[in-house]
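So for the sequence shown, the numbering used here puts the first residue at 2; every next one is plus one.
From the three backbone atoms N, C-alpha and C, an ideal C-beta is built for every residue, glycine too.
Keep in mind it's a predicted model, so treat the numbers as computed, not measured.
Taking it in order: structure first as structure tokens, then the write-up.
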Amino acid sequence: MVTFDIEILEDELTAGIEDFTINTEQYYMHFDPNIEIIAQTRFSGEYSEWIQDVVMPVAWKKSYGKGKVFFISVGHDPNEFINHPQAWKLLTNGFTWASN
Numbered sequence: 002m003v004t005f006d007i008e009i010l011e012d013e014l015t016a017g018i019e020d021f022t023i024n025t026e027q028y029y030m031h032f033d034p035n036i037e038i039i040a041q042t043r044f045s046g047e048y049s050e051w052i053q054d055v056v057m058p059v060a061w062k063k064s065y066g067k068g069k070v071f072f073i074s075v076g077h078d079p080n081e082f083i084n085h086p087q088a089w090k091l092l093t094n095g096f097t098w099a100s101n
């Protein structure tokens, strides 16, 4: 578990959601360059120097054919949504967007 900041980017799904700090798993991943990133994090390099200042998506959305895909990397522990209403709002906004 790592404490890190999540930067919320401007998007219809993030309206009214502010940046926040969370303690959970911070994921480094490969991702499709066609995604629309709506929240991101920057690695500090504290645990792995090679990743210092790398920016990774925390939440993104994408249209896929006639469907929609929403992803959020927080939520390993369901309490993360209880303790961080911004994360809960982002999750529910994403579900609503993807289901319409």
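Comparing C-alpha distances from LEU91 to each of ILE52, MET2, ASN24, GLU8 shows the shortest one belongs to GLU8. Taking all protein chains shown into account, GLY68 has fewer than 16 neighbouring C-beta atoms within 10 Å of its C-beta and is therefore exposed. In this structure, the straight-line span from the alpha carbon of PHE32 to that of GLU81 is close to 23 Å.
By the neighbour-count definition (other C-beta atoms within 10 Å, threshold 16), GLY17 is an exposed residue.
Restricting attention to ILE36, SER49, GLY46, VAL56, the CA atom closest to the CA of TYR65 is found in ILE36. Counting along the chain, the unbroken alpha helix (DSSP H) around LYS90 starts and ends at 86–100. Comparing alpha-carbon positions, the option among ASP6, GLN87, ASN94, THR93 lying closest to GLU26 turns out to be ASP6. Counting of Cβ neighbours within 10 angstroms places ASN94 among the buried residues, the total reaching 16 or more. Judged by their CB atoms, GLN41 and LEU14 are not nearer to each other than the 8 Å cut-off.
For a cut-off of 8 Å, the C-beta gap from ILE52 to ASP12 is around 25 Å, too long to register as a contact.
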